[in-house]
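Protein chains in written order, with the working numbering: chain G, 1 to 286; chain P, 1 to 278. For glycine and all other residues, C-beta sits at the position ideal for the given N, C-alpha and C. Since this is a predicted model, take the numbers as computed values, not measurements.
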């Protein structure tokens, strides 16, 4: 039996998956790209329009700002949570982990509908603000509402890379710093934080990147006047039927996303973090 | 400061978890879980709007969900598409995972990365590209179109769970099986599959949920004759203001919670079994 034969037959079971992916995803994406640069001659006009139409850049900027806000919020909530996960017993850790994954696996429509109820005019959030004397707080139809709802579902992507990084830090280093007379705060910032930066970087990149492509949440909770890039893309496709322009915008979003993910993947095992979120199977390094 | 005081009182806790961190963790847990639970009281509302709190109790929304053909058809469509997707994605994904576990080198790593792309590619970009192509191929609004598109995005989930299960798989078993005269296919069915069945099952469940819950691509592929439940839910918020969505949401939350907890329990039991081994 030649080793060559093993090599080629070994690849055979991969063919259906790759063929399916090519047919459903790569060919349509390729065709979209070709359409976006042909008119029918080669042209970059569709891409130039993105910069000059006055709308696309504003929307892209707003999308980046929203994604950045979500990222900061997720970091502020996710870091202490991930830290707590490394400090509790295995049973409590298991519960905290399942809880993290619940929003990700809860029905997208149910989750967004719940946020509509909560944030709407006359809803529970408004009532709660009335109690403390703040009136007419309507988050429904605003980017603040969109940000809150997005943070909830993006948190797992922050917590899981952080959990795996924080869990691998030797706590004796902290105790050593304390023993040498530093305060808990100083010990944290000088010893623990620098060691956790890889996880922070991976989580930040991941949350920011995934936040760029949100469609359902801004479409349902935001306002058309404050639309994000996904809404613009949908609008150009289904309402304006301008497939070439939509394709150009789609390509820009896709390339930004893939470049950021590839970079994040270099910084810290992001794709494995995605796998964890996808299936809830963390590789514990504790 | 507090930790120092505690250290003196209880010498066991040298490095305690501060109380405020536990409180903070509790708040984050609430942020994860509580918002979605609002759909449950809503589903028993007697109102015809999304008014909260509900003005009165009624089973009307559930009644409407289970009698209105629009909702029932969309539910049936979702079940059909998700079942076929789970079947196809699990077959294709398992084959790919098994192949990748036996290959190494740059090409194999690249193939794995390519197969994971649907999980990171923004669903709106995928939806737009798929929509434009499927229009030309007359696949929009067809069961086949939905199943193909959903399978492409479900394969990574199968790949990850089966790869996880293969992590503890001893490749020498296949050599043993081959030396005893089994064909590669027979070896797979009789040796590999039983050992990674949990990963395959988990992958199938995830593929089913991914498809059943998928809304962005479904919004683009819908036709007046064929739409899935998430699309009907989307319509009921954007076009119709139909509070039946709260009954549908509650059922989805219930179903996904049960389905999601199931693999966790399976894994828990298997984990214990492993621990018990000497």
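Per the coordinates, the alpha-carbon of residue 107/G lies some 43 Å from the alpha-carbon of residue 183/P. 60/G is the residue among 121/G, 170/G, 60/G whose C-alpha sits nearest the C-alpha of residue 256/G. The three-state reading of DSSP puts residue 243/G in helix, counting H, G and I together. Around residue 51/G, the same chain offers 57 as residues with beta carbons nearer than 7 Å, after the five sequence neighbours per side are excluded.
Across the structure, residue 247/P and residue 154/G are spaced so that their CA atoms are roughly 25 Å apart.
Think of a sphere of 8 Å around the beta carbon of residue 195/P: no beta carbon from chain G falls inside it, the nearest being about 17 Å out. Distances from the CA of residue 45/G to each of 250/G, 210/G, 245/G, 252/G were compared; the closest alpha carbon is that of 245/G. Bridge pairing for residue 57/P: 45/P [DSSP]. Assignment of residue 44/G by DSSP, reduced to helix, strand and coil, places it in the coil class. Counting the other Cβ atoms within 10 Å of the Cβ of residue 240/P gives fewer than 16, which makes it exposed. For residue 10/G, the chain P residues whose Cβ falls inside 8 Å of its Cβ are 99, 102, 103, in order along the chain.
If you ignore the 5 residues before and after residue 242/P, its C-beta comes within less than 6 Å of the C-beta of 236, all in its own chain and listed in chain order.
In the three-state DSSP reduction, residue 38/G falls in the strand class (E or B).
For the segment 19 to 42 of chain P, residues whose beta-carbon sits nearer than 8 Å to a beta-carbon of chain G comprise 21, 22, 24, 25, 28, 29, 31, 32, 33, 35, 36, 37, 38, 39, 42.
In this structure, DSSP gives residue 240/P a state outside helix and strand, which the three-state scheme calls coil.
Here residue 221/G is near residue 115/G, since their CB atoms are less than 8 Å apart. For residue 146/P, the uninterrupted alpha helix (DSSP H) run begins and ends at 143 to 166, by DSSP.
Contact note: residue 120/G reaches chain P through 50, using a C-beta cutoff of 7 Å and chain order.
Within the segment 84 to 98 of chain P, those residues whose Cβ lies closer than 7 Å to any Cβ of chain G are, in chain order, 92, 93, 95, 96, 98. Against chain P, the CB of residue 168/G has no partner CB under 8 Å away; the residue lies outside that interface. DSSP places residue 225/P outside any alpha helix (DSSP H), giving it a letter other than H or E. By the 16-neighbour rule on beta-carbons within 10 angstroms, residue 164/G is buried. The Cβ atoms of residue 249/G and residue 233/G sit closer than 8 Å to each other. Taking residue 102/P as reference, the option from 85/P, 40/P, 87/P, 170/P with the minimal CA-CA separation is 170/P. Residues are counted here when their Cβ sits less than 7 Å from a Cβ of chain P; for the segment 175 to 193 of chain G these are 175, 184, given in chain order. Its chain contains 173, 174, 177 as the residues whose beta carbon lies nearer than 6 Å to that of residue 191/G, once the 5 sequence neighbours on both sides are disregarded; these appear in chain order. For the segment 136 to 151 of chain P, the residues whose beta carbon sits under 7 Å from a beta carbon of chain G are, in order, 148, 149, 151.
Comparing C-alpha distances from residue 125/G to each of 225/G, 148/G, 47/G shows the shortest one belongs to 148/G. For residue 136/P, the enclosing alpha helix (DSSP H) has its first and last residue at 123 to 136. Looking at 149/P, 168/P, 35/P, the one whose alpha-carbon comes closest to that of residue 212/P is 149/P.
Proximity of the segment 154 to 165 of chain P to the segment 188 to 208 of chain P meets the contact definition, three or more beta-carbon pairs being nearer than 8 Å.
Residue environment: residue 179/G is assigned as exposed (fewer than 16 neighbouring CB atoms within 10 Å of its CB, all protein chains considered). Three or more Cβ pairs closer than 8 Å define a contact, and the segment 118 to 133 of chain G falls short of that threshold against the segment 61 to 75 of chain P. Residues of chain G with a Cβ closer than 7 Å to the Cβ of residue 215/P are, in chain order, 108, 109, 216. For residue 81/G, the enclosing alpha helix (DSSP H) starts and ends at 56 to 87. Interface residue (Cβ-Cβ distance to chain G less than 8 Å): residue 118/P is classified as such.
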